[in-house]
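Chains as they are written, first to last, in our numbering: chain A, 17 to 293; chain B, 17 to 293; chain C, 17 to 293; chain D, 17 to 293; chain E, 17 to 293; chain F, 17 to 293; chain G, 17 to 293. Just below is one structure, and these are the notes that go with it.
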């Protein structure tokens, strides 16, 4: 016969465990909320702030991302806390919990091997968001795909490339992100002239043509600085490659490069400097 | 001699374990059903919704995928719950379960190493389905194979390429998915002209030819926007590459590109602008 | 002096363990038989059925494969069950089984590292069989080798390539299988013409030549559809590449491609359209 | 003072453990002998028989390989059984075996990481032998090295390449084995002719030349079938590549290819069909 | 009924644990502070000082980095110490902590697999900072990206490349850092001349031209040493490549190279030595 | 108060443990000595003898290598045995050894991850030595480096390449060893002739020239067999590549190849067969 | 109430543990000192001595390196010994150390995954130092970077390449080290001559020119042996590549190669042997 205490003790224990779990979960959720509120308000720890974030409209983006990250963290925390509490309750009921723990361990390890890509994807996604590496509309190079960001998710980022193809890139496979639309771009104009050309004269003509072009519309609205004539970037038996650069508004470097390439080429044609060796 | 209690206690315990397992399994299946019903109804958590899904016919696809994912999750849950219950019953029968747990651990680890590819494949498949990255009939680039999707499975995706070869691609080996049939495509037309050509004139003729072409049938039914003449994309000693782009209906970008390439080339021929340097 | 009970108890326990193991093994084998019978009858779970299998002669193939997979699973199950029972018997005999379990663990982990390739190969082989990705006589691209399948094994697949070399490919190293003999093939004919050619005229002549060719024997018996003239696939300073495609019987796409290439080339010759730029 | 029983009990236990280990080892060795006898007699399980082995002289080879594999398995089994027995004896002597097991575990894991290549090599070697993928004298492509097999070992395979260099290839690094000397080879003859040539005429002449060549000595002794004229394998702006194939005795495909290449080339010369575009 | 001692003992234990944890944390934080103070003062252990750091302005940089590293270490230490103390308190309250430890282990392993990239990133970042491999404004080659460092973080480094693209590079993916702005650079000038040129004469003219160029403004302000004429670096059938080098101020090697290339080329032109073979 | 037995028992136990450890170490060292003596005498197990070792001077090499391997194995065995004995002694002294074992485990795993390369290097080195893959003075291709072996070590092999650079190659990174100085080499002479040449005549002249060259000094002392004229190895639109081979003394294949290339080329010149297409 | 013994026993135990730890640490430090003294004196075990070290100035280098390695080993040993002692003291104080050990294990494994690169770097660095693979001033090829060694560290090696860029290379990423400044270098001079040249005559002239050049200053001071004329290294349709080699002082092979290339080329010019085919 079970005594009253034998019946009561586990019951009290179970109630205590459940209460404790609920309280702990509430505390952890509070902690997460505090953390994400800080994120939303831009108070990221200096450990994670690689870049001065100052562009307008990022406040809302930051708030939305803080919500997303907080939601994921809360789910994981609840799952772990209630799972442990459930096993503790079973143990109070006199169930031998060794096989449960062991099977959890086996499943954990087995899945851990297979799911590491998943965890990598989510962890990378969380940090990309915290560090605000890119947002919707940015032109980025993610290694596997280059194009305009369509959506930033915790597991994958969606990018539409120049052919209109939509790429779903797993965040964990991205080793380096190249963002071409931050504060300014640089249009690098490489123009080949024949080996026999007079280098100084060619550089002068090319620089002059580029300088005039960037003072005229529409380029004048796109560039942010003066044209720099770097000079003879490359010299082979067949050609001299002249290089000019100019700072542009973010995302406009490609259009400026194409326009300047044409202008410089035509100025060289006019001056009789051709590509023939 | 075993006392009645010695006989009864394990029996009661076993009955309790079996009952508990059945109840737990029912609860977990309910949970999974709720989850997959949400999926079927399009109520995916924002954590996993990288893209606005709005194309018609996806409702049915979503429902079918939810059933597939739910079926897999139910099988795994049943297997784990009954496995643990079986070991608990053995323990109640007085069997030393340490070697059973240990052997389960050894088999788990040993298989975990070898089966991680399998788990990766299934996990990738589940997330691809939840995120609705592609469906049957889409033209996708999966890295190992490019072509039209024939079948979307949990472990592998089947794609038929341009030569009619059917590719079985393991979902876990796909790092980035390129889907060329989402909302629109872009036909990128690159036409080389000789270095000595007048760039502005060539761009003008090429743009005009393309603009006229997209107003005529059959191209008029395929394009979604105006032709953009980007200009001199590339400049070498031998050639200037002109680039034009135009938005098209999804999947039609290649046909439009081929047609525009021919039209622009013939317009340049007519104007006496040739590819000869 | 050992009492009778001290002698009897372990004996009874051992008998019970052995009986239990035999019964459990019988049950597991029944389960496996049921599973493989389902496979043999084509009742694979929808989770693993990536493709509509409808070609004749696959019934027998499926049955044979179900037997192979079942045989492997039965061996593994027997080995694990009797191994655990053996250790349990030792424990009943009063042997300290901790070092046995530990050494099993160490050997398991040590071999697990080295044997993961082996397990990967078998798991890949099992799934390839269940999914019926290819059979003997199919022309496949396995990455490491391309050719005609000679034998499908659980660990390796044997393929004979175009030079008659027999390739033994480990199933676990195959990331994507390209099967060129499923339902139909596509002959892709790429013919270069000089840059100065009239594109529309050349496409017309090429298409006409191909269309006539596929109505004549022997090609008429090999193709399954009409010739599609895609147009100018590629345009360089030197050449225009015309592309035509036609559906063919599975495995005949290469012969059709060669024949059509010759026919189209000769038709272009006749029309005076040459490859000279 | 230790009682007699305190002295006797461990002694009896030790004797029992040693006896049991010897008996178990004898049983395991019997099992291995049975297995390898089956291998030697060619009764490999269908799970591991990827290829019909029917060439003469393989019986002896199989027997020798069975002995090699058996010897390795026996050594490993003895080592494990006596190792565990030794630890059990220590435990009977009252030694705390926890640190021994733990250190075995640590060494096992530490070495397991480093030795996985070793285990992979041996496991690959065992399976290569069981599957009879190649033997001494075969011409194989092992990825890292291509040439004639000089020696087949459990850990490494030795191959001598065309320059006389001897390659020691670790079996575990071989992902796919290409064996060029199994039953037959195929000589693939690719002959380029100028773009302006008449394709049908060139194919006819090339095929006729090859057919005559294979009826004359010495080629007549080397080929196993008729010449197949596949036709125009490749078409560029500069050349048409004609392809002919013929089955040859194993290992003779390269000599046949060289001879036929010369014969076909000279026949085309005679007919005035040259490589000039 | 619980006795007073039953109630008091855990209470005392809990108080002791909390006090101990606070003290331990204070000690560890002191230790970290001492370590980072040493770092800030430049007293790094010789184990981690691969390079003589002597450039001005590094003192402040070092101090700031020491604060960053110390902040991270303090957070991790607090988290671990309070986590363990929390579990010890639970244990004092009579809770079975086995499942908690086990679940911590499972989560630890599962995350350990997925989070290893994260830990690698932070560890690499800490050591990069301690070793002072680069700072803001340096021109570095990180493998994935080359350009000017914009920000040095613990997890990622931000670099802006020549096109103005900002690259976020994970510190853990960097295997070798190339810093082009340390103490000096070397401008390597490779000039091709035709094969028929007189090597000694060409070397003489090229060296003379370079030597005169570096004595004139603006190059005179940029170079740090004499021009070295290495001679015929490369000889092919078409060209001889002459090489000259000169030490420059850090970061100016590219401008010097471009200027010298143009000067040397024009001097060779004047002397009638051309690139024509 | 401790009783005499309480004092004596641990003391006796400690003495026993130390004695046992010394005896065990002596036994293990004996075993290793027996093994390495067998190695020194050339009695390697057939499992590890991939090649007939018969060259003179290998006896001494084998003996020296056996000593090296034995020395390493003895150090490892002593370290493990005394380490375990030390922990057993601590346990007899009443110290709680759980944290010691645990910390050993943690250090073991942590180092195991990082040290696996080290263990791989040593294991590869041991097996390379046992299998006698190469010795000092051999010309080998180790993948990372090709040249003459200067030193064979357990962890690294030192090779001097053609430029005099000394390469330190970690044994564990070597997947395949190519040894060019075993018993014989093969000089492969590839000579291109123009497409228009008469193949049979060219082969005849080339073979005759090579045959005469190998009968004259100095080549006569270097070759080991007759010249084999393989024929037209390769046929392109521009050239026919003729191939001849001849067996040479080990390490002389390159000198013979260079000499024969010159001789054959000059004979073809004399016969008016040129490389011009 | 705690008895005196209850109070005293732990106290005595704690004192004993601390004393034992200090003694053990002293012993281990002595052992390390002995080891590193041996290293400093050049008494490295033959297991780790891949190369005869005999160059002057290495004694001091060896001593300094021994100190560096010893310092690292001492730090690690102290950390482990005091860590274990601390946990033992806690255990004597009645603290449940299971969670501490478990958390240490979890942190150890989690960090072990992430820190393996770190441990690899340090282990590689230690062995590179012990084996004396290179020193400051040597010209080395480390795979990721080639240049002059600036600093040899335990974790990274610093190399300055030809452009003056300083490379920080992690020691663990180096698979093979090529040291070009050990005892001697070899200048390999490859000179192309046209196909129509007389091979023997060209070899004669080239060899003669090189032989004269190395007898004159400045080359006479740089070479260590005679010029070897290897002959026709390579033969294509367009060119014959002649090869000559000569041993030089370490690090001078590149200057000698450049000088000899120019001399041989001019001698061939004088003799009328040109590169024109």
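Note that CB positions come from ideal geometry on N, CA and C, so glycine has one too.
Own chain residues within Cβ distance below 6 Å of residue i, not counting five before or after
| i | result |
| --- | --- |
| residue 232 of chain B | none |
| residue 259 of chain F | 206, 246 and 249 |
Test: residue i CB closer than 8 Å to a CB of chain D
| i | result |
| --- | --- |
| residue 291 of chain F | no |
| residue 16 of chain F | Residue 16 of chain F lies beyond the residue range present for chain F, which begins at 17 and ends at 293; the question has no answer from this structure. |
Short CB-CB distance (under 8 Å) between residue i and chain B
| i | result |
| --- | --- |
| residue 41 of chain C | no |
| residue 113 of chain C | yes |
Beta carbon proximity, residue i to chain F, threshold 8 Å
| i | result |
| --- | --- |
| residue 217 of chain G | no |
Closer than 8 Å to chain G by CB, residue i
| i | result |
| --- | --- |
| residue 179 of chain E | no |
Any C-beta of chain A under 8 Å from that of residue i
| i | result |
| --- | --- |
| residue 30 of chain E | no |
| residue 134 of chain E | yes |
| residue 223 of chain E | no |
| residue 99 of chain E | no |
Collapsed DSSP secondary structure at residue i in the structure displayed
| i | result |
| --- | --- |
| residue 147 of chain B | helix |
| residue 256 of chain D | strand |
| residue 250 of chain A | strand |
| residue 220 of chain C | helix |
| residue 78 of chain A | helix |
| residue 291 of chain B | coil |
| residue 199 of chain E | coil |
Straight-line gap, residue i to residue j (C-alpha atoms, nearest Å)
| i | j | result |
| --- | --- | --- |
| residue 66 of chain C | residue 190 of chain B | Low per-residue confidence applies at residue 66 of chain C: pLDDT is 46, beneath 50, and the placement is therefore not dependable, though the value from the model is reported in the following sentence. Approximately 17 Å, taken between the alpha carbons. |
| residue 122 of chain C | residue 157 of chain C | 39 Å |
| residue 217 of chain B | residue 203 of chain E | 41 Å |
| residue 120 of chain G | residue 34 of chain E | 19 Å |
Closer than 8 Å to chain E by CB, residue i
| i | result |
| --- | --- |
| residue 117 of chain A | yes |
Nearest candidate by alpha-carbon position, reference residue i, set the options
| i | options | result |
| --- | --- | --- |
| residue 214 of chain B | B/146, B/184 and B/256 | B/256 |
| residue 290 of chain G | G/249, G/208, G/30 and G/269 | G/208 |
| residue 222 of chain C | C/96, C/261, C/201 and C/149 | C/261 |
Proximity test, Cβ basis, 8 Å: residue i and chain C
| i | result |
| --- | --- |
| residue 139 of chain D | yes |
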